[in-house]
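S.K.:
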Amino acid sequence: MKFKSQTFYQLLLLSSALLAAPFAKAQGKLDEYIRQGLASNESIRQQNFVLEKNIYALKEAKSMFLPDVTFSTTYTKADGGRTIDFPTGDLFNGVYSTLNKLTGSNAFPQLQNQRIQLNPDNFYDAKFRTTLPILNAELIYNKRIKRQQVDLQKAEVLLYKRELVKEIKAAYYNYQKAVYATGIYESSLRLVEEGQRINTKLYDNSKVNRTVVLRSQNEVSRINASLIEAQKTAESAGYYFNFLLNRPLTDSILSDDIKTLPAREQSPGNNVDGREELFKLRIAKDINGNLTGLARSYIVPKLGTFIDLGSQAFDWKFNSNSRYYLFGVSLEWNLFSSGKNNYRVKQALADREALASQTDYVQQQLLTELKVRQAGMQSAIAQYQAAQSQLKTSQTYYGDMLKLYKQGTAIYIELLDAQNQWIDAQLHANIALYDTWIADAAIERANASFTIQ
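Convert by adding 5 to the 1-based position in the sequence shown; the result is the number in this note's numbering.
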């Protein structure tokens, strides 16, 4: 059962080269994709809009310490209602009659008693009022809280960005893993097709039985089905990756040249102080302190001033007599509120205790996550090393079985078993390599070591 064809050896070398140099051509493309994702991801944009809103809220809080000018006007038209009786005739008619007799004239008419309406009729009052707070503890605490809410939202944006970086890296490595598996199956398909061609010729020359040909055909169908599955997996991984970058789902993805384990040394320590979750809790604690101060601010009186510049008169008259100014100082001091203020203080203190408990819990939770990720990394490295050893062994075993089969000292089933072991070893080595990079990204997320610009 000897034959001269070198196709099997050529395919063997091709598959080995495929494992040594993955499909990636561009260096540093992942970093560029991360920058694109951070700049275009819709979730990040939404969080930035919330941050912008909080910044405007802080500016609003600051503007409350500045003068406030308002314009107001009223016009009244009245009839009826309360009146004041004024005895004009009783007071002056006697005097006017005497004066008319003395002067021999009617220059002084007789007057009627008046009934004056209290409600102003055809009267307007227009004014500009300027108010300025001099002392107001509520405004001070409000500004502090708004500033801390800005910091809180900044931490939230960083939290979204850090999670997005991990998702982009994992999606990128999963895509490369799927593309590489596709390449392995393509190479394997050419291998089994060549085997089917040779076995068919051997069968035609009565060198092997029909079972060998049928088994060759089955292997071609099996590898072809696995290839289609790998291609669809790669397509799905590419769709998800492009979705994270907010790009068209069918955009091409360039890959980096990944051949070895992650070079970045993972810290064995338990440092999770850089996690945004803890930073948010620390800010929340500061906000709670200011909320407590706000609840206690009732003991500080509110002092303010105002000035009115306006005009008021009947019949829409506007002159020097109608114009006026009014300046004043206001003082407000809450002396008794049936315990409402004390209850607010107690609520804020209860929230502080809850935050302290939550901080301890979250810190322990993050430490646990880091430990789990580190253990996962160690396991992934062990799997990678085992897969590399298995790959070398299976490749040697397949080469030996191929020689024996060509010499007629091994049956096809033995060659097929060696071939399948070699294909599986390539797939396991591919999976193990990219699993180490995915584990590396998980640790990077767990200890917040990725630098976000």
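Every residue gets a Cβ at the ideal spot worked out from N, C-alpha and C, and that includes glycine.
What do you get for L157, buried or exposed, if any count of 16 or more other CB atoms within 10 angstroms of its CB means buried?
M.R.: For this step, residue 157 is matched to residue 152 along the sequence shown. Buried, because 16 or more other Cβ atoms sit within 10 Å of the Cβ of L157.
S.K.: Below 8 Å on the Cβ atoms is my guess for Q119 versus T93; work out the distance and round it to an integer in Å.
M.R.: Counting from 1 along the sequence shown, the entry for residue 119 is found at position 114. Counting from 1 along the sequence shown, the entry for residue 93 is found at position 88. Indeed, because the Cβ distance is near 5 Å, the residues count as touching under 8 Å.
S.K.: Pick out the complete beta strand (DSSP E) segments inside the region 85-129, 3 residues or longer, and give them in chain order.
M.R.: 88-91, 119-122, all fully within the region 85-129.
S.K.: Check whether the region 244-252 and the region 167-183 touch, using three or more Cβ-Cβ pairs below 8 Å as the test.
M.R.: Yes: at least three Cβ pairs fall under 8 Å.
S.K.: Sort Y439, E47, A83 by Cα distance to I263 and report the nearest one.
M.R.: Along the sequence shown, one-based indexing puts residue 263 at 258. Nearest of Y439, E47, A83 to I263, Cα basis: Y439.
S.K.: Just the C-alpha distance for S257 and N425, rounded to the nearest angstrom, thanks.
M.R.: Counting from 1 along the sequence shown, the entry for residue 257 is found at position 252. Counting from 1 along the sequence shown, the entry for residue 425 is found at position 420. Cα-Cα distance, rounded: 31 Å.
S.K.: Within its chain, find whatever has a CB closer than 8 Å to the CB of Q368; leave out the 5 residues flanking it on each side and keep chain order.
M.R.: In the sequence shown, counting from the first residue as 1, residue 368 sits at position 363. Cβ within range, chain order: V277, L283.
S.K.: Do three or more CB pairs link the region 393-410 to the region 325-335 at distances below 8 Å?
M.R.: These segments do not touch.
S.K.: When you compare the CB positions of V155 and L71, do they come within less than 7 Å of one another, or not?
M.R.: Indexing the sequence shown from 1 puts residue 155 at position 150. Indexing the sequence shown from 1 puts residue 71 at position 66. No. Outside cutoff.
S.K.: Determine, using beta-carbon pairs with one atom in the region 93-108 and one in the region 280-300, whether at least three such pairs fall under 8 Å.
M.R.: Cβ pair count under 8 Å is below three, so no.
S.K.: Taking DSSP as the reference, what is the three-state secondary structure of K264?
M.R.: Here the question's residue 264 lines up with position 259 in the sequence shown. Of the three classes helix, strand and coil, the one that applies to K264 here is coil, per DSSP.
S.K.: If we ignore side chains and look at the alpha-carbon of each, how far apart do S335 and L314 end up?
M.R.: In the sequence shown, counting from the first residue as 1, residue 335 sits at position 330. In the sequence shown, counting from the first residue as 1, residue 314 sits at position 309. C-alpha separation (whole angstroms): 17 Å.
S.K.: Can you check which of these residues, F319, D405, K351, K67, is closest to D126 by C-alpha distance?
M.R.: On the sequence shown, position 121 is the one that residue 126 refers to. Nearest of F319, D405, K351, K67 to D126, Cα basis: F319.
S.K.: DSSP three-state call for D440: helix, strand or coil?
M.R.: Looking up residue 440 in the sequence shown gives position 435. Three-state result, D440: helix.
S.K.: Looking at the unbroken beta strand (DSSP E) that takes in G243, where does it start and where does it end?
M.R.: As a working note, residue 243 is residue 238 in the sequence shown. Per DSSP, G243 belongs to no beta strand (DSSP E); it is in the alpha helix (DSSP H), 215-249.
S.K.: Are the region 348-356 and the region 415-433 touching, with three or more C-beta to C-beta distances below 8 Å?
M.R.: No, they do not touch.
S.K.: State whether the region 300-310 contacts the region 337-349, with contact taken as three or more CB pairs (one from each stretch) at a distance under 8 Å.
M.R.: Flag = yes, the region 300-310 and the region 337-349 touch.
S.K.: DSSP three-state label for R252, please.
M.R.: As a first step, residue 252 is located in the sequence shown; it is residue number 247 there, counting from the start. In this structure, R252 counts as coil in the three-state DSSP scheme.
S.K.: Taking the straight line between their C-alpha atoms, what separation do you get for L249 and F54?
M.R.: Stepping through the sequence shown from its first residue, residue 249 is reached at position 244. Stepping through the sequence shown from its first residue, residue 54 is reached at position 49. Straight-line Cα distance between these residues: approximately 19 Å.
S.K.: Drop a sphere of 10 angstroms on the beta-carbon of K237, count the other beta-carbons inside from all chains shown, and report buried for 16 or more, exposed for fewer.
M.R.: As a first step, residue 237 is located in the sequence shown; it is residue number 232 there, counting from the start. So K237 counts as exposed.
S.K.: Can you list, in chain order, the residues of its chain with a C-beta nearer than 8 Å to that of T285? Leave out the 5 residues immediately preceding and following it.
M.R.: Here the question's residue 285 lines up with position 280 in the sequence shown. First, the amino acid is wrong: residue 285 is Lys here, not Thr. L157, A160, E161, L164.
S.K.: Rounded to whole angstroms, what's the CA-CA distance from Y190 to S226? Just pull it up for me.
M.R.: Residue numbering aside, residue 190 sits at position 185 when the sequence shown is read from its first letter. Residue numbering aside, residue 226 sits at position 221 when the sequence shown is read from its first letter. One C-alpha to the other measures close to 12 Å.
S.K.: Please classify R50: is it buried, with 16 or more other beta-carbons within 10 angstroms of its beta-carbon, or exposed?
M.R.: Numbered from 1 along the sequence shown, position 45 holds the residue referred to as residue 50. Under this definition R50 is an exposed residue.
S.K.: Can you tell me where the alpha helix (DSSP H) holding Y38 begins and where it ends?
M.R.: Residue numbering aside, residue 38 sits at position 33 when the sequence shown is read from its first letter. Residues 34-45.
S.K.: Residue range of the alpha helix (DSSP H) that I312 falls in?
M.R.: For the purposes of this step, residue 312 is identified with residue 307 of the sequence shown, where counting begins at 1. It is not in any alpha helix (DSSP H) - I312 instead sits in the beta strand (DSSP E) that spans 307-319.
S.K.: Contact check, L123 vs N98 under 8 Å by CB: the rounded distance?
M.R.: Here residue 123 refers to the residue found at position 118 of the sequence shown. Here residue 98 refers to the residue found at position 93 of the sequence shown. No, L123 and N98 are not in contact; Cβ-Cβ is about 25 Å, not under 8 Å.
S.K.: Is G42 buried or exposed, if buried means 16 or more other CB atoms sit within 10 Å of its CB?
M.R.: The count along the sequence shown starts at 1 and reaches residue 42 at position 37. Its Cβ being crowded by 16 or more others within 10 Å, G42 is buried.
S.K.: Taking the Cβ atom as the reference point for each residue, do L308 and L140 lie within a distance shorter than 7 Å?
M.R.: Numbered from 1 along the sequence shown, position 303 holds the residue referred to as residue 308. Numbered from 1 along the sequence shown, position 135 holds the residue referred to as residue 140. A contact, by the Cβ cut-off of 7 Å.
S.K.: Run through DSSP, which three-state label would R280 get?
M.R.: Walking along the sequence shown from the start, residue 280 turns up at place 275. Residue state, collapsed to three classes: coil.
S.K.: A385 and T441: beta carbons closer than 7 Å?
M.R.: Numbered from its first residue, the sequence shown carries residue 385 at position 380. Numbered from its first residue, the sequence shown carries residue 441 at position 436. Yes; because the gap between Cβ atoms is below 7 Å, this pair is in contact.
S.K.: Could you tell me the alpha carbon to alpha carbon distance between A2 and T297, rounded to whole angstroms?
M.R.: Outside the shown range of the chain, which is 6 to 458, sits residue 2, and nothing can be said about it.
S.K.: Report buried or exposed for K30, applying the criterion of at least 16 other Cβ atoms within 10 angstroms of its Cβ.
M.R.: In the sequence shown, residue 30 corresponds to position 25, counting from 1. Here the model assigns K30 a pLDDT of 38, short of 50, so the residue's position is not dependable, and the following value carries that caveat. The residue is exposed, with fewer than 16 neighbouring Cβ atoms inside 10 Å.
S.K.: Pick helix, strand or coil for I258, following the three-state DSSP scheme.
M.R.: Here residue 258 corresponds to residue number 253 of the sequence shown, with the count starting at 1. I258: coil per DSSP, three-state reduction.
S.K.: Buried or exposed: A430, going by 16 or more other Cβ atoms within 10 Å of its Cβ?
M.R.: Here residue 430 is taken as the residue at index 425 of the sequence shown, counted from 1. That one is buried.
S.K.: Starting from Y330, follow the beta strand (DSSP E) in both directions and report where the run begins and ends.
M.R.: As a first step, residue 330 must be located in the sequence shown, where it is residue number 325. Looking at the DSSP string, the run of the beta strand (DSSP E) that includes Y330 is 328-337.
S.K.: Going by DSSP in three states, T398 sits in which element: helix, strand or coil?
M.R.: Locating residue 398 in the sequence shown gives position 393, counting from the first residue. Helix, per DSSP.
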